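In the working numbering, each residue carries its 1-based index in the sequence shown increased by 85. Ideal placement from N, C-alpha and C gives every residue a C-beta, glycine not left out. Note that the structure is predicted; figures quoted are calculated from it, not measured. The structure appears right after this line, and notes come after that.
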Amino acid sequence: MGINNSDNNGASLASLARDSIFNYSEALEKSLLFYEAQRAGELPDDNRVAWRSDAVTNDGSDVGVDLSGGYFDAGDHVKFVFPMASSLTMLSWGVLEYREAYEQSNQLDEALETIKWGTDFLLNAHETSNGVTQALWGQVGDIVEDHSQWVPPEEVDNVTERPSFKIDSQHPGSDLAAEVAAAMASASMIFRPTDSDYANKLLDNAVQLYKFADDADHNAANGKQRGKYSDSLWNPNNVEFRNPDGAYVSYSYEDELAWSAAWLHKSLADAGDADTAYLNQAKNYYGGLWLDGTQSWDSKDHGTAVLLAQLTGDSQYTTDVETWLDYWLPGGGISYTPGGLAWPQELGGWGSLRYTANTAFLAGLYSDTVNAGDGGYGAFAEQQINYILGDNPLNFSYMIGFGDSYALQPHHRGAHGISGWQAYSDTSQPNTNIIQGALVGGPTRNDDFAYEDLRTNFQGNEVALDYNAGLTGALARLQGIYKQPPVTDNGSSATGYVKEGTLAGKVWNNGTAYAGNLLSNTDGTANPDDILIATEGADNVWGGTEGSDTIYTAAGNDRVGINTAAGGAVVDTGDGNDFVYSTAGLSGTGEINSIDLGTGQDNAWIVNGNNRIVSSAGNNTIGLGTGGDTVILGNGNNVVYMANGVGAADGAKDITTGSGNDWVQAGSGNDRIDLGTNAGGATDYDVAFGEAGDDMFVVHTGNGWLSVGDFAQGSDYFELQAGMNFEDLSQVNSSGSTWVWADDDILLELTGFTGTLTAADFNGPT
């Protein structure tokens with residue numbers, strides 16, 4: 086089939102076939118790297134994402150099952166097994182069809198490891214007895230509780246409970262069981278050439294799960310029945326399953342039964358079994374195609390049609406597929422943006438590019454394996470992927486880390502790297518970490534410009550497992566066509582030297598390294614105390630998870646991360662507007678981290694640890710977590726946040742600033758806040774909130790005054806500087822506040838406090 090090459094949106098298929106304009110080898114590598122950022126559990130030593138560490142290692146402990154591995158779904162930390170398994174099936178399909186392209190780009194090992202990380206989890210989640218499925222764990226984490234927190238993955242266990250939910254014979258989930266069976270069956274084929282034992286294990290489990298999903302004795306009379314997993318998930322400890330927003334609610338299970346049966350037929354044939362029983366099952370359950378739709382985590386009809394066309398060549402399936410693909414080509418019926426993006430109006434604007442990428446994958450695969458005449462499907466697939474990678478009116482890559490312009494604020498807790506909704510809402514700052522290779526949701530309307538790179542834009546700027554699944558296979562196809570050289574190691578070497586201007590580097594074995602853009606120490610050796618020196622320019626320096634590192638940066642707007650459990654890190658930044666951060670829950674709790682900020686408008690977000698922060702003149706923003714911190718700020722208008730500890734009061738803080746209009750919010754510890762004197766006139770003043778704890782506010786004479794927002798008499802106190810006496814003070818209640826002055830100099834404003842201060846309120850308790 087095929088349609089006229091002209092369309093009514095300004096694009097033509099004749100213009101789509103061109104020489105390669107992107108490095109598909111690099112894009113393929115990055116797309117796989119995204120999945121490493123999503124890993125849960127105890128991470129391997131060769132994990133390539135420097136800012137990730139072990140997380141949720143106790144998952145499943147509530148039910149006595151090891152569910153610690155697998156993948157986080159998206160920008161949150163719930164493990165949704167249904168879309169996870171669907172993503173694994175699509176990834177396996179890409180490797181199966183384009184294995185040579187993976188080998189040519191040196192990405193086959195990474196692809197197999199990515200899939201095995203998921204299938205190992207699925208095997209753990211599948212409970213059997215004597216070869217019969219007893220239960221399948223379908224979710225880890227409470228959606229409501231998880232979505233109420235904004236913390237990196239390493240902090241999740243500290244702030245949420247993570248119940249486990251399952252299906253079984255009394256709580257049916259035919260869709261979930263069939264999708265997991267499809268994931269295992271498809272994966273068995275890609276592992277068979279190198280690990281036949283593992284392949285057989287996957288296939289055996291897939292057969293058991295399909296029987297569980299589609300057993301003929303499932304009926305209401307015997308208490309067994311087919312059903313949708315989203316109606317059935319339950320926890321044996323009587324934890325309520327909550328899903329108020331309808332996350333990953335399945336619309337049916339027949340499409341998964343057809344999809345899974347087709348994969349079982351294909352994988353059993355690959356193992357030498359020519360029985361056609363599963364193929365007949367797939368044909369029976371196949372229900373045709375919705376032209377406006379495509380393959381997704383929920384709908385498997387389109388993928389099933391392509392599989393059946395491959396397996397049988399029957400005109401029923403080839404006609405269905407080509408009618409659907411023709412509808413998606415320019416002029417065929419699907420909506421197009423003026424810039425050439427096929428935008429499925431009926432599927433809505435939430436994560437729209439995943440649908441485009443999935444269609445591109447299936448179109449290219451179909452043109453390669455079924456339709457030798459092509460009908461324009463291969464060119465369509467390439468044009469849509471090129472749009473995603475940056476060939477669009479925005480000249481913007483929707484794949485993070487690819488090209489020169491990409492999202493800096495994806496809706497992703499780990500990539501943001503800073504805890505708390507206040508930091509989440511501050512969209513003036515980019516995320517702390519770059520989640521390489523992640524596909525963001527894309528335009529939220531049929532408009533090339535209907536996209537905002539904002540952390541709060543979860544519909545258009547979140548990332549997810551299923552977003553990259555079809556995309557990865559489509560990239561492998563293009564890599565197979567253009568055969569671009571493999572991505573190099575970016576100049577890293579065992580001596581710790583990192584070439585100037587590299588995009589990524591690692592330091593190994595107590596080395597000293599110099600870098601241009603991104604420098605990371607990810608070693609776990611016995612001597613991990615490294616010296617990281619960034620040259621002039623905008624640098625990103627990561628201190629690593631082991632040892633006490635020393636980090637120097639020169640002039641430029643730098644981003645520096647410390648993540649050491651031992652403490653003792655030393656950070657010295659040069660001039661420029663710098664951003665210093667530590668990862669939640671992992672910064673030093675032992676030795677003090679010393680952080681010296683140069684001049685400029687600096688931001689420092691330090692979580693959990695004993696830190697000493699010093700800055701020169703400039704307008705600085707400092708965020709502190711738990712631990713006993715000392716902050717000494719130079720002249721400028723400074724803002725200091727001190728977060729409450731998780732489960733316990735935070736450590737005592739000692740805050741000292743120079744002149745300027747400063748704002749301090751303390752945490753729940755016993756803090757000393759000295760905001761100095763203001764350099765301005767009588768209208769200038771500093772603001773402090775003590776929050777919980779016994780706080781000490783230092784009172785100065787001079788221009789302006791100190792405004793205390795939540796003074797608690799009996800637990801908070803004021804410290805008068807030398808030469809000041811309580812007897813010299815006057816006070817008055819006015820407009821809901823208490824004002825304190827000496828001579829004509831206003832010293833204090835206690836907003837919301839209308840009591841009378843006594844000598845006991847000054848210089849601490851007796």
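Which of the three DSSP states is assigned to Glu812 in this structure?
Shown here, Glu812 sits in a helix according to DSSP, grouped into three states.
Just the Cα atoms here: how many angstroms apart are Asp411 and Tyr451?
In a straight line, the C-alpha of Asp411 is about 12 Å away from that of Tyr451.
Exposed or buried, Lys368, counting other C-beta atoms within 10 Å across all chains shown (16 or more means buried)?
The C-beta of Lys368 has 16 or more other C-beta atoms within 10 Å across all chains shown, which makes the residue buried.
State buried or exposed for Pro613, treating a residue as buried only when at least 16 other CB atoms are found within 10 Å of its CB.
Caution is warranted here: a pLDDT of 46 is assigned to Pro613, below 50, making its placement in the model unreliable, and the coordinate value is therefore given only provisionally. Looking at its Cβ environment, which holds 16 or more other Cβ atoms inside 10 Å, Pro613 is buried.
Anticipated Cβ contact below 8 Å, Ala549 with Gly378, distance rounded
With a Cβ gap of about 18 Å, Ala549 and Gly378 do not count as contacting.
Taking just the CA atoms, how far does Ala535 sit from Thr541?
Roughly 15 Å between the two C-alpha positions.
Given this structure, state the Cα-to-Cα distance separating Glu467 from Val391, to the nearest angstrom.
Cα to Cα, Glu467 sits roughly 18 Å from Val391.
Near Phe157, which residues of its chain fall below 7 Å by C-beta distance, leaving aside the five closest residues on each side in sequence?
Answer for Phe157: Gln123, Ala125, Lys164, Pro238, listed in chain order.
Whole alpha helix (DSSP H) elements within the stretch 282-354, 4-residue minimum:
Here no run is fully enclosed.
At what residues does the beta strand (DSSP E) containing Ala827 begin and finish?
That run of the beta strand (DSSP E) goes 822-827.
Can you tell me the Cβ-Cβ gap for Gly505 and Leu118, rounded? I've got them flagged as a contact below 8 Å.
Actually they do not touch by this definition, with Cβ atoms about 27 Å apart.
Who are the near neighbours of Val134 in its chain, counting only those whose CB is closer than 6 Å to its CB and skipping five residues on each side?
Annotation for Val134: Glu121, Ala122 place their beta carbon closer than 6 Å to its own, counting only its chain and skipping 5 residues before and after.
Can you tell me the Cα-Cα spacing of Ile252 and Ala394, whole angstroms?
Cα atoms of Ile252 and Ala394: separation of roughly 32 Å, rounded to the nearest angstrom.
So the candidates are Ala427, Asn456, Gly434; which of them puts its Cα closest to the Cα of Ala445?
Of the candidates Ala427, Asn456, Gly434, the one whose C-alpha sits nearest the C-alpha of Ala445 is Ala427.
When DSSP labels each residue in this structure, what does Ile106 get in the three-state scheme?
The answer is coil: DSSP assigns Ile106 none of H, G, I, E or B.
Determine the contact status of Leu447 and Gly555, defining contact as a CB-CB distance below 9 Å.
In this structure, Leu447 sits near Gly555, with a CB-CB distance shorter than 9 Å.
Let me confirm a value: Ala844 is counted as buried when at least 16 other C-beta atoms fall within 10 Å, else exposed. Which label applies?
Flag for Ala844 reads exposed.
Check the DSSP bridge columns for Met484 and list the partner residues they point to.
Paired residue(s): Leu524.
So, is Pro129 buried or exposed, given that buried needs 16 or more other C-beta atoms within 10 angstroms?
Flag for Pro129 reads exposed.
Option in Thr823, Gly458, Ile200 with minimal Cα separation from Leu835
Among Thr823, Gly458, Ile200, the Cα nearest to that of Leu835 belongs to Thr823.
Does the beta-carbon of Val817 have 16 or more other beta-carbons within 10 angstroms, so that it is buried, or is it exposed?
By the 10 Å Cβ count, Val817 comes out exposed.
Just grab the DSSP bridge partners of Phe534 for me.
BP columns for Phe534 are empty, so no partner.
Could you have a look at Lys385 and say whether DSSP puts it in helix, strand or coil?
Here DSSP, grouped into helix, strand and coil, assigns Lys385 to coil.
Terminal residues of the beta strand (DSSP E) in which Thr404 lies:
It is not in any beta strand (DSSP E) - Thr404 instead sits in the alpha helix (DSSP H) that spans 400-413.
Taking the straight line between their C-alpha atoms, what separation do you get for Val731 and Leu560?
Low local confidence applies: a pLDDT of 29 at Val731 is under 50, so the model's placement there is unreliable, and no value is given.
Going by C-alpha distance, which of Leu833, Gly837, Phe847 is nearest Ala807?
Comparing Cα positions, the closest option is Phe847.
Could you tell me the alpha carbon to alpha carbon distance between Tyr567 and Asn243, rounded to whole angstroms?
Answer to the nearest angstrom: the Cα atoms are 48 Å apart.
Would you please state the rounded distance, in angstroms, between the beta carbons of Arg562 and Ala186? I believe it to be under 8 Å.
About 7 Å separates the two Cβ atoms, so the contact holds.
Quick check: the Cα distance between Thr199 and Met274, rounded to an integer number of angstroms?
When rounded, the distance between both Cα atoms is 15 Å.
Bridge partner(s) assigned by DSSP for Phe847:
Phe847 has Phe803 as its beta-bridge partners, per DSSP.
With distances taken between CB atoms, is the gap from Leu207 to Thr279 smaller than 9 Å?
No, the pair does not count as a contact, with Cβ atoms beyond the cut-off.
Can you name the start and end residues of the alpha helix (DSSP H) that Val166 belongs to?
Where Val166 is concerned, the enclosing alpha helix (DSSP H) stretches over 166-182.
With 16 as the cutoff for other CB atoms within 10 Å, does Pro329 come out buried or exposed?
Per the 10 Å Cβ criterion, exposed.
Starting from the Cα of Gln219, find the closest Cα among Gln293, His785, Leu113 and give me that residue.
Closest by C-alpha distance to Gln219, out of Gln293, His785, Leu113, is Gln293.
By how many angstroms is the C-alpha of Pro528 removed from the C-alpha of Gln469?
Distance between the alpha carbons of Gln469 and Pro528: 14 Å.
Excluding the five sequence neighbours on either side, which residues of its own chain have a C-beta within less than 8 Å of the C-beta of Asn516, listed in chain order?
The answer, listed in chain order, is Leu493, Gln494, Pro495, His497, Ala500, His501, Gly502, Arg540.
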